[in-house]
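Start counting the sequence shown at 258; every next residue gets the next number (the numbering used here).
Where a beta carbon is used, it is the ideal one built from N, C-alpha and C, also for glycine.
Since we're looking at a predicted model, the values are computed, not measured.
Beneath this line is the structure, given in structure tokens, with notes to follow.
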Amino acid sequence: MKEEFKVYQKVFDNRTIMTLYQLSKKYFRTIGGPIKTGKESDVYLLYTKEGGKIVAKIYKIETSNFRNMWKYIKGDSRFPYIGKEKKKLVYAWTEKEFRNLWTARRMGIPAPEPIAFKNNVLLMEFIGDDSPAPIAKYHPPKDPKRWYKLIMGYIDKMEKEGFVHGDLSEFNILNWNEKPILIDWSQSVFRDHPLFEELLERDRNNMERWFSSLGV
Ligand SMILES: Nc1ncnc2c1ncn2[C@@H]1O[C@H](COP(=O)(O)OP(=O)(O)O)[C@@H](O)[C@H]1O
Ligand SMILES: [Mg+2]
258 MKEEFKVYQK VFDNRTIMTL YQLSKKYFRT IGGPIKTGKE SDVYLLYTKE GGKIVAKIYK
318 IETSNFRNMW KYIKGDSRFP YIGKEKKKLV YAWTEKEFRN LWTARRMGIP APEPIAFKNN
378 VLLMEFIGDD SPAPIAKYHP PKDPKRWYKL IMGYIDKMEK EGFVHGDLSE FNILNWNEKP
438 ILIDWSQSVF RDHPLFEELL ERDRNNMERW FSSLGV
């Protein structure tokens with residue numbers, strides 16, 4: 258394995274390093290560093306062979322809230338055979354976010370383009386310019402009314418198609434040069450999921466609350 262990956266032994270478990278190594282053969286050359294680290298996942302900047310930027314979202318197998326994951330995966334007809342083994346659940350969760358990103362983009366919702374997934378690692382388009390686009394919570398839109406219409410329109414569009422983001426908040430929207438990009442799609446489900454209506458209402462309420470705090 259490349260020397261370069263060995264320095265990450267302090268940060269990632271061996272399985273994850275192997276997964277990153279395998280993905281690197283096809284999709285990237287070097288690891289740029291963390292964009293954000295957290296209990297459940299880390300988001301890393303990667304550089305491609307051409308010098309472009311992409312992002313890896315790396316789910317943590319040991320510290321993931323797997324009761325929560327189970328709740329969302331259990332009723333999902335795309336994952337009918339998923340057991341309760343922690344590792345497999347996290348892998349399914351990763352695949353779920355990858356597929357949800359495709360679904361959202363197919364519906365015309367602005368979200369990072371998914372590139373690949375393997376085990377607990379999801380590769381996607383980097384949203385940003387020199388630095389990552391800021392989170393809308395800390396970098397609210399200059400024209401909140403315009404965003405309100407856009408985002409409520411996205412929720413309606415997805416509802417018509419029988420899909421819901423499920424964790425929509427000002428923390429999961431990036432403000433990319435005044436364009437909202439919706440991220441963090443792992444919880445999204447289709448209409449056949451028992452939580453569909455509840456999540457839809459929660460997403461709408463979160464947006465109503467946030468936009469009214471911005472004076473809309
Ligand atoms: N595609 C991306 N491009 C740029 N930054 C990103 C991207 N995806 C995630 N991030 C950054 O990583 C943070 C965490 O990502 P998110 O998907 O919301 O994971 P979490 O489950 O930890 O909330 C985001 O708030 C954002 O700052
Ligand atoms: Mg998030």
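Proximity test, residue i beta-carbon vs ligand 2 heavy atom, cut-off 7 angstroms
i      : result
Asp441 : yes
Phe383 : no
Asn357 : no
Asn322 : no
Asn429 : yes
Assigned exposure category for residue i - 16 Cβ within 10 Å defines buried
i      : result
Gly423 : buried
Gln266 : exposed
Glu261 : exposed
Tyr411 : buried
Val378 : buried
Tyr395 : exposed
Ser470 : exposed
Asp400 : exposed
Val347 : buried
Pro398 : buried
Asp513 : No statement about residue 513 is possible, as the shown extent of the chain runs from 258 to 473 and does not include it.
Asn462 : exposed
Residue i Cβ short of 7 angstroms to ligand 1 heavy atom set
i      : result
Glu435 : no
Ile292 : yes
Ser388 : no
Pro398 : no
Gly295 : yes
Lys314 : yes
Ile392 : yes
Val347 : no
Pro369 : yes
Ser474 : This structure gives no information on residue 474, because the portion of the chain shown stretches from 258 to 473.
Val268 : no
Ser426 : no
Val473 : no
Ser281 : no
Val378 : no
Integer-rounded CB distance, given that residue j should sit under 8 angstroms from residue i
i      : j      : result
Asn429 : Asp413 : Not confirmed; about 18 angstroms, so no contact.
Phe383 : Lys310 : 4 angstroms
Gly289 : Leu302 : 4 angstroms
Arg272 : Asn376 : 7 angstroms
Trp467 : Glu418 : Actually they do not touch by this definition, with Cβ atoms about 23 angstroms apart.
Same chain only: Cβ atoms within 6 angstroms of residue i, ignoring 5 sequence neighbours per side
i      : result
Leu456 : Val421 and Gly423
Pro451 : Gly332
Phe355 : Pro371, Phe374 and Leu379
Residues near residue i by beta carbon distance below 7 angstroms, same chain, minus five either side
i      : result
Ala349 : Ile330, Phe336 and Ile339
Leu358 : Ala368, Pro369, Pro371, Met381 and Trp442
Ile408 : Pro437 and Met464
Ile392 : Phe428 and Leu431
Cutoff 8 angstroms: residue i Cβ touching any chain C Cβ
i      : result
Tyr316 : Absence of chain C from the displayed structure is noted, only one protein chain being present.
Handout entry: Every unbroken beta strand (DSSP E) within the stretch 304–350, with a cutoff of 3 residues, ordered by chain
Key = Whole beta strand (DSSP E) segments, 3+ residues: 310–316.
Practice task
Scan the stretch 343–389 and note each continuous beta strand (DSSP E) run of 3 residues or more that stays entirely inside, going in chain order.
Solution key: 371–375 and 378–382
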